[in-house]
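The next block holds one structure in the form of C-alpha cells; read it before the comments.
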Amino acid sequence: MEDPAPSSEALFARAACGLLLTSDDGLILKANATACSWLGYDEQELVGKVLVRDLLPVGARLFFNTHCQPILQLQGSVAEIQVDLRNRRQERLPMLINIVRERDGDRIVDHWALFKASDRRAYERELLSARKAAEAAEVELKKLNAQLSAADRRKDEFLATLSHELRNPLAPMRSALDVFRLRFGQAADDRLLLVFDRQLRHLTRLVDDLMEVSRITQGRMQLRRAPVELSALVRSAALDMAETMRAARHSLHLSVCEAPVMVDGDATRLAQVVINLLTNAAKYTPDGGRIELHLHCEPELAEIRVCDNGIGIPAPALATVFEMFSQLEPALERAKGGLGIGLALVRGIVELHGGSIRADSAGPGKGSMFTVRLPLAAGSVCPAEEAPARTAPARVRIVVVDDNQDAAEMLAMALDMLGCEVTVAHTAAQALERIAGADPAVVLLDIGLPDMNGYELARQVRQLPNGAAMTLIATTGWGQQKDRERAFSAGFDHHLTKPIDFTQLEPLLPRAGGA
1 MEDPAPSSEA
11 LFARAACGLL
21 LTSDDGLILK
31 ANATACSWLG
41 YDEQELVGKV
51 LVRDLLPVGA
61 RLFFNTHCQP
71 ILQLQGSVAE
81 IQVDLRNRRQ
91 ERLPMLINIV
101 RERDGDRIVD
111 HWALFKASDR
121 RAYERELLSA
131 RKAAEAAEVE
141 LKKLNAQLSA
151 ADRRKDEFLA
161 TLSHELRNPL
171 APMRSALDVF
181 RLRFGQAADD
191 RLLLVFDRQL
201 RHLTRLVDDL
211 MEVSRITQGR
221 MQLRRAPVEL
231 SALVRSAALD
241 MAETMRAARH
251 SLHLSVCEAP
261 VMVDGDATRL
271 AQVVINLLTN
281 AAKYTPDGGR
291 IELHLHCEPE
301 LAEIRVCDNG
311 IGIPAPALAT
321 VFEMFSQLEP
331 ALERAKGGLG
341 IGLALVRGIV
351 ELHGGSIRAD
361 SAGPGKGSMF
371 TVRLPLAAGS
381 VCPAEEAPAR
391 TAPARVRIVV
401 VDDNQDAAEM
411 LAMALDMLGC
421 EVTVAHTAAQ
431 ALERIAGADP
441 AVVLLDIGLP
451 DMNGYELARQ
461 VRQLPNGAAM
471 TLIATTGWGQ
481 QKDRERAFSA
491 GFDHHLTKPI
501 DFTQLEPLLP
511 RAGGA
C-alpha cells in the first residue's frame, strides 16, 4: 500500500526554504519550521508578536522601507533581495528574499520565501577563485606557448646557424681533397682518398639534413616539381646504396614494377626519401641482414616500401619515430649513431608532395617496414636526358674572395689545377682592387666579409667598367631560399653553398672557346 501524499501543511513546514506569511504591515501570521529553526524562535514566539522589520538590522530596515515596500505596493512582488536577518542570538544571517503580495478575502497578505545566502556566497567565492585561477592558468599557458614558440624559432635559427658554421670548415677540406686527388690521385693510395671522400660527403649530408629539416619546419623548403618516373629513381637510389649494403654484408632485394610510374615531384628530394629509408634500414639491421625495396602501383597511388629484419620498433615508439631528434635507443648504446633527423626529414618531404608515410613493426627484434604513398600524376614517360659532354675549362681568370684563408687558398689551388688563373682576396677592399686589376671572367664571393657584406660588394663590382660582363657566384654557408633570393637581388648570377661541390661549380665556368 502506497504512503499517502504529504499534506500541504507538512510541505509548508518541511520546505527547504524559510516560509513566512505576514500582514501588509509585516506582522508575522505564520512561520514554517525551517524559518523558526534558522531564526532560533518557536513559532508561538513569532506569530502575532513580531514584525519582520524587527528582525532586520538598521541598514536593512531602512532599505526595506525605502525600496521594497514601494515596489511591493506598485507591482505586488519583489525578488532576490539580499539582506541580513538577525536571529535570537543577534547573529546576522545573510538571506535572499522573495516576497509576493496577494489579497486573502478582505485582507492583504505577503508570502515570504527565505533562502540562506551563506552557502551561495561561499559558492560565489569559490567560483570567483576558480575563475581567477583559470584566468591565471590561461595567462600562464599563453606565456608558456609564447616561450615554446620562441624556443622553437630559436631552435630553427640555431640549426640554420649551426649548418652555416659547420660549412665553413668543410669548404677548405672539400677543396683540399679535390686538390689532393688532382695532384696525387695516381700516386696516392686510393683507399685513403675514398675514406676521406666518403666521410666528408657523409658529414656534408648531415649538415645538409640539418638545414633542410630547418627549412621544412619553417615552411621554407620549395620543391622543383616536374614529372618524375619512380621506377628509374628507385633503382638508381638502390645502386647508390650498394656500397653501404656491401659494407654491412646486407642483401638488398628489389621488387620494382615496370615503368612508367609517374608522379609530380622533385626528383632530388624523392631520391633523398628512398636513400634515407634505406640508410635507416641498414643502420638498424645487424650485419648480414635482409633489406627489401618495393615499388608498386595502386589506384591513383604509387607505394614505396622498405622492409628489414632488423631491431624492430617498440609499439609505443611507432607514433614518435618520425619526430625530430627521435631515437629508439640512447646514442651511446648503438654502434651506429645519428642525429635522429633522417625520418623527420623523410616525413617532411613526403608530406610536401601530398603523400603519407607510416611505420610498422611486430616489435623489438622483428624488423620494420616503412611505407610511402604518393599520388600518381597523369603523363607519359619523360625522355631521358643526356648528360652534357664535359670539356676542360679555358684558362679562365677567376677572383676568389673569402676571409677564411684556408678556404680561399684550397679553392684557388683546386681551380688552378683545373687550368684557371686565380687571384685571391680576403677583404672587400682587396677584392675591389684585385677585380679591377685582373678583369676576371668569374668572381666567387663569400657573403660574410669583415669590412663589407658580399651583397653590397656584388653591387659595387657590377658598377666597375667590365662588371656587367662578369659571372658573380655567391659562395656561402647560408643556403635557405631567402638567402638565394637576396643574392640574386644583389646581382649574383649563381648561388652555391659551402662546401663547394666541383660538380656544381665546373658547369658554371666558361668552356674552351668560350668567353
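Under UniProt numbering, the residue at position 82 of the sequence shown is numbered 82, and the numbers go up by one with no gaps.
Each residue gets a CB set at the ideal place from its N, CA and C atoms; glycine is no exception.
**OP:** Taking all protein chains shown into account, decide if G477 is buried (16 or more other Cβ within 10 angstroms of its Cβ) or exposed.
**Re:** buried
Subject >> alpha helix (DSSP H) runs contained entirely in the stretch 227-288, provided each spans 4 or more residues >> reply: 230-240, 242-247, 267-283
Original post:
To which residues of the same chain is D287 closer than 8 Å at the C-beta, ignoring the five residues directly before and after it?
Top reply: A248, R249, H250
Original post:
So, helix, strand or coil for V350, using DSSP?
Top reply: helix
Original post:
Span of the beta strand (DSSP E) holding C375?
Top reply: What sits at residue 375 in the sequence shown is Pro, not Cys. Here the beta strand (DSSP E) through P375 covers 368-375.
Original post:
Which residues does DSSP pair with D104 in a beta bridge?
Top reply: R107
**OP:** Taking the CB atoms as reference points, tell me whether N87 and G40 lie closer together than 9 Å.
**Re:** yes
Subject >> Assigned exposure category for H353 - 16 Cβ within 10 Å defines buried >> reply: buried
Original post:
DSSP three-state call for P510: helix, strand or coil?
Top reply: coil
**OP:** Could you tell me the distance, in whole angstroms, from the CA atom of E43 to the CA atom of E138?
**Re:** 52 Å
Original post:
DSSP state of A468, grouped into three classes?
Top reply: helix
**OP:** Name, in chain order, the residues that DSSP records as bridge partners for T476.
**Re:** T497
**OP:** With distances taken Cα to Cα, identify the nearest neighbour of V306 among L345, T471, E140, D360.
**Re:** D360
**OP:** State buried or exposed for R269, treating a residue as buried only when at least 16 other CB atoms are found within 10 Å of its CB.
**Re:** buried
Original post:
Are the beta-carbon atoms of A396 and P316 separated by less than 9 Å?
Top reply: In the sequence as presented, Ala is not what sits at residue 396; that position holds Val. Contact flag unset, no.
Original post:
Does the beta-carbon distance from L418 to L182 come in below 9 Å?
Top reply: yes
Subject >> Segment contact flag, the stretch 467-475 with the stretch 483-499, C-beta cutoff 8 Å, min 3 pairs >> reply: yes
Original post:
Is the CB-CB distance between V400 and Q430 below 9 Å?
Top reply: no
Original post:
What does a CB cutoff of less than 6 Å around Y455 pick up in its chain, not counting 5 residues either side in sequence?
Top reply: A490
**OP:** State buried or exposed for R459, treating a residue as buried only when at least 16 other CB atoms are found within 10 Å of its CB.
**Re:** exposed
**OP:** Counting only the same chain and skipping the five closest in sequence on each side, list residues whose C-beta sits under 7 Å from that of V346.
**Re:** V273, N276, L277, I357
**OP:** State the Cα-Cα distance for the pair L239 and P299, rounded to the nearest angstrom.
**Re:** 28 Å
Original post:
Is the Cβ-Cβ distance between residue 530 and A408 less than 9 Å?
Top reply: With the chain running from 1 to 515 in the structure shown, residue 530 is simply not present.
Original post:
With respect to the beta strand (DSSP E) encompassing V58, which residues constitute its N-terminal and C-terminal limits?
Top reply: Counting along the chain, V58 falls outside any beta strand (DSSP E), though it belongs to the alpha helix (DSSP H) covering 58-63.
**OP:** Report all residues from its chain with a CB closer than 6 Å to the CB of I291; omit the five preceding and five following residues, and keep chain order.
**Re:** H250, L252, A281, D308
Original post:
Can the beta-carbon of L293 be found closer than 9 Å to that of V372?
Top reply: no
Original post:
Going by beta carbon distance, what residues of the same chain come within less than 6 Å of S255, once the five residues before and after it are set aside?
Top reply: H294
**OP:** Decide yes or no for the touch test of the stretch 44-51 against the stretch 67-81: beta carbon pairs closer than 8 Å, at least 3 of them.
**Re:** no
Original post:
Around the Cβ of G348, are there at least 16 other Cβ atoms within 10 angstroms (buried) or fewer (exposed)?
Top reply: buried
Original post:
When the Cα of W38 is compared with those of V461, L444, L114, M241, which residue comes out closest?
Top reply: L114
Original post:
In the structure shown, what three-state DSSP assignment does G40 receive?
Top reply: coil
Original post:
Among residues of its own chain, excluding the 5 on either side of L411, which ones have a beta-carbon nearer than 6 Å to its beta-carbon?
Top reply: S175, V400
**OP:** Over the uninterrupted beta strand (DSSP E) stretch that includes G18, give me the two end residues.
**Re:** 18-23
Original post:
CB of I447 to nearest heavy atom of the ligand COA: below 8 Å?
Top reply: Looking for the ligand COA in the displayed structure turns up nothing, as the structure carries no ligands at all.
Original post:
So the alpha helix (DSSP H) K30 belongs to, where does it begin and stop?
Top reply: Element bounds for K30: not the alpha helix (DSSP H) but the beta strand (DSSP E), 28-31.
Original post:
Does the Cβ-Cβ distance between T285 and I311 come in under 9 Å?
Top reply: yes
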